[in-house]
Amino acid sequence: MLLRSTLIYGPAILFTRISALLLLVVVTRLINQEEYGLLTLVVTVGEMTDAAVTNWLRIALLRLGGKGDISRGSLVLAGKVMFCTTMLALVIAATASAFVVPGRWIEFSVAVCTYLVVSTIGRFALTVLQMQQRHSTYSLLECLRGVLQLAFPIIAIEIFPKSFLVVSLGSSAGMLAAGVIAFAVASRQVSEGPARFTAHELFALGIPLVAVALVGFGMNSSERLFLNAFHDAAAVAIFAAAYVLARQPIDIVGHAINVGTFPEVMSRFDEEGAAASGELLSQVMALMMQLCLPVAAILIALSGEITQLLLPQSYHGRTGLLFPAIAFAVVCANLTSVVYAAVIHAHKRPWLLIAATLVGSVGTITLSVVLIPQLAELGAAIALAGGSLMAFVACAVISERLTHIPVPWRDIALSLATALVTGVATWLAASLFRGLPVLVPLTMGGAAGAVMLLLMTSLFRPTAVRKFSSTVRRHIGAVRG
Numbered sequence: 009m010l011l012r013s014t015l016i017y018g019p020a021i022l023f024t025r026i027s028a029l030l031l032l033v034v035v036t037r038l039i040n041q042e043e044y045g046l047l048t049l050v051v052t053v054g055e056m057t058d059a060a061v062t063n064w065l066r067i068a069l070l071r072l073g074g075k076g077d078i079s080r081g082s083l084v085l086a087g088k089v090m091f092c093t094t095m096l097a098l099v100i101a102a103t104a105s106a107f108v109v110p111g112r113w114i115e116f117s118v119a120v121c122t123y124l125v126v127s128t129i130g131r132f133a134l135t136v137l138q139m140q141q142r143h144s145t146y147s148l149l150e151c152l153r154g155v156l157q158l159a160f161p162i163i164a165i166e167i168f169p170k171s172f173l174v175v176s177l178g179s180s181a182g183m184l185a186a187g188v189i190a191f192a193v194a195s196r197q198v199s200e201g202p203a204r205f206t207a208h209e210l211f212a213l214g215i216p217l218v219a220v221a222l223v224g225f226g227m228n229s230s231e232r233l234f235l236n237a238f239h240d241a242a243a244v245a246i247f248a249a250a251y252v253l254a255r256q257p258i259d260i261v262g263h264a265i266n267v268g269t270f271p272e273v274m275s276r277f278d279e280e281g282a283a284a285s286g287e288l289l290s291q292v293m294a295l296m297m298q299l300c301l302p303v304a305a306i307l308i309a310l311s312g313e314i315t316q317l318l319l320p321q322s323y324h325g326r327t328g329l330l331f332p333a334i335a336f337a338v339v340c341a342n343l344t345s346v347v348y349a350a351v352i353h354a355h356k357r358p359w360l361l362i363a364a365t366l367v368g369s370v371g372t373i374t375l376s377v378v379l380i381p382q383l384a385e386l387g388a389a390i391a392l393a394g395g396s397l398m399a400f401v402a403c404a405v406i407s408e409r410l411t412h413i414p415v416p417w418r419d420i421a422l423s424l425a426t427a428l429v430t431g432v433a434t435w436l437a438a439s440l441f442r443g444l445p446v447l448v449p450l451t452m453g454g455a456a457g458a459v460m461l462l463l464m465t466s467l468f469r470p471t472a473v474r475k476f477s478s479t480v481r482r483h484i485g486a487v488r489g
């Protein structure tokens, strides 16, 4: 089931992340570092505001709205709440913009507010598809979003002045188009009927999530705000570019697992009990380690080549040391949200996440204040890693008091060994060809890492390899048929 979910959602998530990566490659060459830094801050403020005021609705709907047959009353009630919270988010975002970028407040607030509106529409529509268990449709529409969010900003920047506002509005236009289409598709299979939950139940579950997001401001992207305050938007651009490159491959795996397994974990908890959901989450943890750690090792080994190939000259030599810290932070964040936070959501006690998130926020803010003034981008990466680790430990301790998740120590050890050998093989192969055009060591290193990963996986997990191969063959056969 876990592998099937990953295979279904993986291509869409991969496509959207590749789209974001390509946009990074193009935009960093079309606008200067300061403009790209401001673009990054738009996303940062938008995501922080969205997480605090509107994003909670997705989790609440998945937990209360059921799956399969979705009633119109449930969506109408959720839609009213979404509208009110989005209006509140716009006020907060406009106010925050005046403090973050006071010199260009109007442009910045327009970009952030537009981002908030279109992301809310798109997420609501995709959540309905997820509740309806229309996985293939969800995947297809995410691919469409990836295409539009890549094409629209590039078209816009070729027509209008080269600024962060043009790129941001172009990206928002692509997101809006995909969201409207997704909403039209999802609404066709909504049944008549009253809401399956009350507004009180919705807010009872949602308000703690809002509180979690508020205390999570320090851990989620605050290091970029400190970079902008202590240095400038150009420093934010360096960190943000490295973050995208180091994060995306790991996040693709984690998000693909999470999208498919979160509804299943909730269903398993309700139907079979806490112990059954704990066993499932143990399998999720093992799968994440098997897939994420080797990917992180390859990224770290090839960080120099990746930067040289994908980013302009002004970014070179300033991102390599950031990769290990960012990769570590992303792995911790995925384990926290996908595994241990799922336990807390299953028990409908989201307020417990406040403590874990607060620990991470305090850690990130403290480390940011201490490290960023002297170490700039590297200090931001270390602060992010430290805060993510502290949040992970705190969330694990809290969730274990609710439901025990057997830690798959053997799988983790094998994954660490596989990652170490894969990373070393990648680095050695790339080193042999350094001095040649950057694509050569990147290709040879990546190929060596992939081969070593396959060999180590076949050695340690032959049964899993056979199951994976048979699953892939079935999907290929179904496509051909």
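For the sequence shown, the working numbering gives the first residue as 9, with consecutive numbering after it.
Note that the Cβ used here is the ideal one computed from N, Cα and C, for glycine as well.
- Closest in C-alpha terms to alanine 59, from the list Ala106, Ser127 and Trp417, comes Ser127.
- With 16 or more other Cβ atoms inside 10 Å of its own Cβ, phenylalanine 277 counts as buried.
- Distance between phenylalanine 172 and alanine 221, taken at the CA atoms: about 26 Å.
- The alpha helix (DSSP H) runs lying completely inside the region 303–357 and spanning 4 residues or more are 311–318, 330–343 and 349–354, given in chain order.
- If you compare the alpha carbons of Ala245, Val429 and Glu280 with that of valine 51, the shortest gap goes to Ala245.
- Look at arginine 204 here: in three-state DSSP terms it is coil, with no helix or strand label.
- When DSSP reads this structure, isoleucine 413 sits in no beta bridge, so it has no partner.
- In the assembly as shown, phenylalanine 234 is a buried residue. Its beta-carbon has 16 or more other beta-carbons within 10 Å.
- With contacts defined as CB atoms closer than 8 Å, aspartate 419 and alanine 294 qualify as a contacting pair.
- According to the DSSP secondary-structure assignment, isoleucine 78 is paired through a beta bridge with Val198.
- Pairing alanine 404 with isoleucine 114, the inter-Cα distance amounts to about 42 Å.
- Put simply, the region 312–323 touches the region 246–260. At least three CB pairs are less than 8 Å apart.
- Rounded to whole angstroms, the separation of the alpha carbons of leucine 177 and arginine 25 is 19 Å.
- Secondary structure remark: continuous alpha helix (DSSP H) runs of at least 4 residues inside the region 418–477, in chain order: 447–468.
- The beta-carbon separation of leucine 124 and threonine 57, rounded to 6 Å, stays under the 8 Å limit for a contact.
- Secondary structure of glycine 154 (DSSP, three-state): helix.
- About 7 Å separates the beta carbon of alanine 438 from that of leucine 450, a gap short enough to meet the 8 Å contact definition.
- One thing to note: glycine 187 has its Cβ no nearer than 8 Å to the Cβ of alanine 159.
- Here phenylalanine 270 is actually not in contact with leucine 343; their C-beta atoms are around 14 Å apart, not less than 8 Å.
- By the CB criterion at 8 Å, proline 216 and isoleucine 406 fall outside the cutoff.
- For valine 109, the three-state secondary structure derived from DSSP is coil.
- In the displayed model, glutamine 41 falls within a helix according to three-state DSSP.
- Judged by DSSP in its simplified three-state form, phenylalanine 400 adopts helix.
- Put simply, the backbone Cα of phenylalanine 191 is about 24 Å away from that of valine 175.
- DSSP places arginine 232 inside the alpha helix (DSSP H), whose first and last residues are 230–238.
- Contact annotation, isoleucine 390 with leucine 375: C-beta distance approximately 6 Å; criterion of less than 8 Å satisfied.
- When C-alpha distances from glutamate 42 are compared across Val84, Arg409 and Ala241, the shortest belongs to Ala241.
- Remark: C-beta atoms of leucine 49 and valine 118 do not approach each other more closely than 8 Å.
- The Cβ-Cβ distance between threonine 430 and methionine 460 falls below 8 Å.
- The alpha carbon of histidine 143 has as its nearest neighbour, out of Thr465, Val267 and Arg131, the alpha carbon of Val267.
- The shortest C-alpha to C-alpha distance from proline 332 to any of Ser311, Leu30, Gly325 and Val34 is the one to Ser311.
- Distance from the CA of valine 155 to the CA of serine 27, rounded to the nearest whole angstrom, comes to 7 Å.
- Contact between proline 202 and glycine 81 holds, with the beta-carbon distance rounding to 4 Å and staying under 8 Å.
- Residues Pro257 and Ile258 of the same chain have their beta carbon placed closer than 6 Å to that of valine 303, with the five preceding and five following residues left out of the count.
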